[in-house]
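Chemist: Residue numbers (this note's numbering): 919 to 1075.
First the structure, which I've put down as structure tokens, then a few questions once you've had a look.
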């Protein structure tokens, strides 16, 4: 897990992976493209500041996270080749690599553009969040069932 998080952190530091690439889901429904500033864990939606205000009025107890500002002033340079910018992720080595690394050190490896790995991991995270939300609902329902059983037992005795 630490390796995954450190990889995501590294990707966040890259100039090509910016906060601006995450759009507000509500704006997209209206054919707009405003940048998201928050993510609602309960609704599984990215929200801009405007839609965040509306959302908070309607859903004041939802769990929100501010999106990280992944913008960087500098591109991240390759550790092996300081004159090259990281552009790929090697799936075999689980490392961020530059064009030169891809051509020389990882030519037979499975590597992809860093933007693609970001999209893949974003989808994986969304699936995990959906799965957790489903489990949360089951737990809440079971908790309600237990509460109802306790009330019935208390009425009987």
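Glycine included, each C-beta is placed from N, C-alpha and C at the ideal position.
Can you list the beta strand (DSSP E) stretches of 3 or more residues lying completely in the stretch 972-1030, in chain order?
Modeler: 982-984, 1004-1008 and 1013-1016
Chemist: Is the number of C-beta pairs between the stretch 1018-1035 and the stretch 1047-1054 that are closer than 8 Å three or more?
Modeler: no
Chemist: Grab me the residues of residue 1008's own chain with a C-beta within less than 7 Å of its C-beta, minus the 5 sequence neighbours each way, in chain order.
Modeler: 1015, 1024, 1027 and 1029
Chemist: Do the stretch 943-952 and the stretch 966-977 meet, that is, are 3 or more Cβ pairs less than 8 Å apart?
Modeler: Yes, they touch.
Chemist: For a cutoff of 8 Å on Cβ pairs, would you count residue 1020 as touching chain C?
Modeler: Protein chains in the displayed structure number just one, and chain C is not present.
Chemist: Assign residue 1036 to one of two classes, buried (16 or more other C-beta atoms within 10 Å of its C-beta) or exposed (fewer than that).
Modeler: It is buried - the Cβ of residue 1036 has at least 16 other Cβ atoms within 10 Å.
Chemist: Going by DSSP, name the residue or residues bridged to residue 895.
Modeler: This structure leaves residue 895 out entirely; the chain is present only between 919 and 1075.
Chemist: Should residue 973 and residue 958 be called a contact, given that it needs their Cβ atoms to be closer than 8 Å?
Modeler: Closer than 8 Å, so yes.
Chemist: Does residue 1057 come out as helix, strand or coil in the three-state DSSP assignment?
Modeler: helix
Chemist: Which residue's Cα is closest to the Cα of residue 996: 1013, 1068 and 984?
Modeler: 1013
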